[in-house]
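A short worksheet on the structure shown next.
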Amino acid sequence: MTFRECFRALNRPGASVLLIVLLCCDLAFVVLHFANVLSPQLRNPLFNIECDRGYAEAFQYAKYSLILVSLVLTAWKNRVWRYVSWVLVLGYFLADDSLKLHEQLGALLAEKLDFIPPLGLRLQDFGELAVSASAGSLLLIAGVFAYRGGSADFKKTSKDLTLLILLLVFFGVVVDMVHSAIDMGRPIGLILEFVEGGGEMLSVSLLAWYSLLPIVRDGNANCYLCDFVRMTLKGRPA
Numbered sequence: 003m004t005f006r007e008c009f010r011a012l013n014r015p016g017a018s019v020l021l022i023v024l025l026c027c028d029l030a031f032v033v034l035h036f037a038n039v040l041s042p043q044l045r046n047p048l049f050n051i052e053c054d055r056g057y058a059e060a061f062q063y064a065k066y067s068l069i070l071v072s073l074v075l076t077a078w079k080n081r082v083w084r085y086v087s088w089v090l091v092l093g094y095f096l097a098d099d100s101l102k103l104h105e106q107l108g109a110l111l112a113e114k115l116d117f118i119p120p121l122g123l124r125l126q127d128f129g130e131l132a133v134s135a136s137a138g139s140l141l142l143i144a145g146v147f148a149y150r151g152g153s154a155d156f157k158k159t160s161k162d163l164t165l166l167i168l169l170l171v172f173f174g175v176v177v178d179m180v181h182s183a184i185d186m187g188r189p190i191g192l193i194l195e196f197v198e199g200g201g202e203m204l205s206v207s208l209l210a211w212y213s214l215l216p217i218v219r220d221g222n223a224n225c226y227l228c229d230f231v232r233m234t235l236k237g238r239p240a
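My numbering numbers the first residue of the sequence shown as 3 and each following residue consecutively.
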């Protein structure tokens, strides 16, 4: 399959329109965030993309809800109940984002620790990482069991979802830890805020788009996101 054929296979009208709308909304929230931070006339905390229960975070919850509904519908449509494992994974992300699970449990764990973490991290940061790693390990076990007995289509789809979740983890965990651990001054701090917040919103929008693809297309896909990325990296634009 060529690069263009793979692109057309992933470019389903309903899902692509949704992605464009979501990305435009993401961009609007990022612009509002920086206008709010830099303009003394605004200073409304609800416009901050890092604000708990802010407008951007509520939009993220809506996207997660769409992802969960899409995965359930995919499982029902294809009679492939192994997708429930992905419902658990994304459901945890929604619960963690809305209830701040890793922050709260990480704080409880940090109270019981007494050492200096490496790399300039706080005990709070270490506790949050430990909680996230523990939850991730449990979800990984469930995912591996589902993956091992799955069809070729389910396995390819799982690889694609894993790729997008790794992108989300990079922005939400790695960039966040760098931002928290290292004070590089206000200009660099604003750039890291943009990368972290904008990257998280982009990642969840891509997950929402991808989770809708199996519903709007007929039958199994003839090209997957991992194939598209592989061809892009190898430079096969034909």
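No residue lacks a Cβ here, since even glycine has one placed at the ideal position from N, Cα and C. In this text, all values refer to a predicted model and were calculated from it rather than measured experimentally.
Thinking just about the alpha-carbon of each residue, which of the options is nearest to the one in residue i?
i	options	result
L215	F5, E7, A11 and T4	A11
L70	L235, L103, Y212 and D185	Y212
H104	Y85, L131 and D116	L131
V147	L20, S67 and Y85	In the sequence as presented, Val is not what sits at residue 147; that position holds Phe. Nearest of L20, S67 and Y85 to F147, Cα basis: Y85.
P15	Y63, A37 and D220	D220
R232	P42, K161 and L192	K161
Y226	D99, T159 and N38	T159
Rounded to the nearest angstrom, what separates residue i and residue j at their Cα positions?
i	j	result
K157	Y149	6 Å
N224	L125	47 Å
V218	F95	24 Å
V82	A137	24 Å
V180	Q106	20 Å
L145	S153	Strictly speaking, residue 145 in this sequence is Gly, with Leu absent from that position. Those two C-alpha atoms are separated by around 14 Å.
S87	L168	16 Å
M186	A17	39 Å
L101	L115	23 Å
I257	L163	Residue 257 is absent from the structure shown; the chain starts at 3 and stops at 240.
A240	L40	Bear in mind that the predicted position of A240 carries a pLDDT of just 49, short of 50, making it unreliable; the figure below should be weighed with that in mind. Each residue's Cα considered, the two are about 44 Å apart.
F36	N50	8 Å
F117	L20	47 Å
P189	L75	44 Å
F42	Y63	At residue 42 the sequence reads Pro, which differs from the Phe that was named. Each residue's alpha carbon lies about 28 Å from the other.
L194	L170	15 Å
C26	E59	15 Å
A112	I184	20 Å
N13	G151	29 Å
M3	L73	27 Å
L235	D155	22 Å
G129	R6	45 Å
A77	N46	41 Å
Are residue i and residue j close, meaning C-beta to C-beta below 8 Å?
i	j	result
F61	F31	yes
F173	G201	yes
L24	S207	yes
V133	G108	yes
Y57	L68	no
M203	D28	yes
E1	G237	An answer regarding residue 1 cannot be provided, because it is not within the stretch 3 to 240 covered by the chain.
C228	L165	yes
In the DSSP assignment, the alpha helix (DSSP H) including residue i goes from what residue to what residue?
i	result
F147	L125 to R150
G108	L103 to E113
M203	R188 to V218
C171	In the sequence under discussion, the amino acid at residue 171 is Val, which differs from the Cys named in the question. Segment A154 to V171, the alpha helix (DSSP H) holding V171.
V231	L227 to K236
A223	A223 -> no alpha helix (DSSP H), and no H or E assigned at all.
C8	F5 to L12
D295	The first residue shown for the chain is 3 and the last is 240, placing residue 295 beyond what the model contains.
L48	That residue, L48, is in no alpha helix (DSSP H); it is neither H nor E in DSSP.
V74	Y57 to N80
How close, in whole Å, do the beta carbons of residue i and residue j come, if the pair is a contact with beta carbons under 8 Å?
i	j	result
V177	V197	6 Å
K79	A210	Actually they are not in contact, since the Cβ atoms of K79 and A210 sit about 17 Å apart, beyond 8 Å.
V91	L141	5 Å
Tell me whether residue i, by its Cβ, gets closer than 7 Å to a heavy atom of the ligand ZN.
i	result
Y66	Judged by which ligands are present, the structure shown has none, so any question about the ligand ZN falls away.
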